[in-house]
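For the sequence shown, the residue numbers in the numbering used here are 224 to 632.
Ideal placement from N, C-alpha and C gives every residue a C-beta, glycine not left out.
Working notes, structure below.
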Amino acid sequence: MKIKLYWQVLIAMVLGITFALIFKEQALIAKPLGTIFMRLLKMIIVPLIIFSITSGVINLGKNIGRVGAKTFGYYLLTSLIAIVIGLTLANLIKPGVGIDLGSVATEFDPALLSTPSSPFDIIIRMIPLNPLAAAVEGDILGIIFWCIVFGSVIPQLPKKHRLVLNQFFNAGFEAMMILTKAVIIFLPIGVFGLISTAVATTGFELFKGVAMYMVTITIGLTLHAFVILPVIFFLFTRINPIKHYRAIAPAMAAAFSTSSSGATLPVTMDCVETNAGVSNKISSFVLPLGATINMDGTALYECAGVLFIAQALGFDLSFTQQLIIVITAFLASVGAAAIPSAGLVMIFIVLDAVGLGNHPGAALIVGTMLAVDRPLDMYRTVVNITSDSIGAVIVAKSEGEKDLYPNQK
């Protein structure tokens, strides 16, 4: 009997952790396995997005406005809820109060990280000066903007030209999905390499100094992923959430291993279409967009992280300042790249919004946060793709799709 993919991945994770604990630094011999798998995933991201978004927009036709409004509405709702959870927990637990980072703080130069000068830069950089350059440079936000604009004009072409382009992008998407399935075969091997490398290179001393900070973020992410999102899912679909979590288990495992919503996108799309039964025209629009702008886990983390920094520095932020954090955290999460630790880079935008960006102690604390960010980044990526996939099913259900979760009838 063939073992299901998510069990293969879980077994690979356990083996990777065990391998790293036994062989310690020597376990880095498995690092190339993870590197090769990540490169395979990244290799297919840009063409997959180009073909999936464009074909999705074409197939939606006149419904693009309605589906787009539902998608953005869902993303706005879940992101704001995640931010409020982060804000509430940070105020209740107060992870930064009384913290002593003297023994664990690391020197950190914020100049090494490039951040947009303002949240408006996030909106401006959505419009690529050169779509081809955006594709070459991997500017996902720019690629998506171009594909939506280009795909929306194709239905207005004369029938002859419209059919040619429609067939081209649909065929391209089908080819990319076949290639995606071929890459996913190597998921357990890639996970083994990634997990063993992460465990072998992570120290444990730093975790002691920021334990409550990590606990706060973990509780928030768990509440959002396994309480809030399932409730939202059930309210809108009337489907048992357990069915959905079974369907996307391989994508959740891939997200945990890669720490990248973008790198996990091929796996997420395969799970949502094959296991959840969502049509291509919905998934190909909602999921690539979600992997770029819907970062629930990142939004929660940025909000709680800034309050942690403020508490550690001895600042008691007012209600108005915390409201600014909510707004800025949402914009920063939208602009965060779908790559590992992108949320930590974007946290400087939120710090600047409340006047802590230039505080010398803030950079020191962010350096410590960076040193322990790997496990938190892995978990918030799981939350990000879980929210994306739930959004796809909710939109599909609202559009009248009925054959959902065909393998779990």
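query	result
Residue of Gly309, Leu512, Gly413, Gly623 minimising C-alpha distance to Thr460	Gly623
Where Ser326 falls: helix, strand or coil (DSSP)	Here Ser326 scores only 44 on pLDDT, less than 50, and its place in the model is too uncertain to base an answer on.
Separation of Pro489 from Ala615, as counted between CA atoms	14 Å
Glu525 classed as buried or exposed, judged by whether at least 16 other C-beta atoms fall within 10 angstroms	buried
Counted within 10 angstroms of its Cβ, other Cβ atoms place Lys504 as buried (16 or more) or exposed	buried
Where Val454 sits in the DSSP three-state scheme	helix
DSSP-derived helix/strand/coil call for Gly443	helix
Cα-Cα separation between Gly500 and Ala486, rounded to whole angstroms	22 Å
Contained alpha helix (DSSP H) runs [length at least 4] in the stretch 387–430, N- to C-terminal order	410–424
Contacting residues, own chain, Cβ-Cβ under 7 Å from Gly443 (five flanking each side not counted)	Ile308, Gly309, Leu312, Leu523, Ala527
Euclidean distance between Cα positions of Thr241 and Ala448	27 Å
Three CB pairs or more closer than 8 Å across the stretch 390–399 and the stretch 270–279	yes
Cβ shell of Ile613 (< 6 Å), same chain only, five flanking positions each side left out	Leu452, Phe456
Option in Tyr436, Gln231, Ser484 with minimal Cα separation from Ser610	Ser484
Where Asn517 sits in the DSSP three-state scheme	coil
Integer Cβ distance of Ile471 from Cys494, believed to fall under 8 Å	5 Å
Spatial neighbours of Leu335 in its chain, beta-carbon cut-off 6 Å, leaving aside the 5 residues before and after	In this prediction, Leu335 scores a pLDDT of 42, lower than 50, which makes its location untrustworthy; no coordinate-derived value is stated.
Cα-Cα separation between Phe331 and Met592, rounded to whole angstroms	With a pLDDT of only 43 at Phe331, under 50, the local geometry of the prediction cannot be trusted, and the value read off the model is given with reservation. Between Phe331 and Met592, the C-alpha separation is close to 10 Å.
Status (buried if at least 16 other CB within 10 Å, exposed otherwise) for Gln249	exposed
Beta strand (DSSP E) segments (min. 3 residues) lying fully within the stretch 244–287	none
Between the CA atoms of Arg469 and Gln631 - distance to the nearest angstrom	9 Å
N-terminal and C-terminal residue of the alpha helix (DSSP H) that Pro381 is part of	No alpha helix (DSSP H) holds Pro381; DSSP gives it neither H nor E.
Residue environment, Pro629, which counts as buried when at least 16 other CB atoms sit within 10 Å	exposed
Euclidean distance between Cα positions of Leu228 and Ile267	20 Å
DSSP-derived helix/strand/coil call for Gly623	coil
Exposure label - Leu574; buried when at least 16 CB within 10 Å	buried
7 Å CB neighbourhood of Leu446 in its chain, flanking five on each side removed	Ile308
For Asp332, the three-state DSSP class (helix, strand or coil)	The predicted position of Asp332 is uncertain, since its pLDDT is 47 and thus under 50; a value taken from the coordinates is nonetheless stated next. Asp332 falls in the coil class under three-state DSSP.
Where Arg289 sits in the DSSP three-state scheme	helix
Span separating the alpha-carbon of Thr420 from that of Pro473	20 Å
For Leu627, the nearest candidate out of Asn463, Val605, Leu579 (CA to CA)	Asn463
Closest residue to Ala434 among Pro318, Gly537, His467, Met601 (Cα-Cα distance)	Pro318
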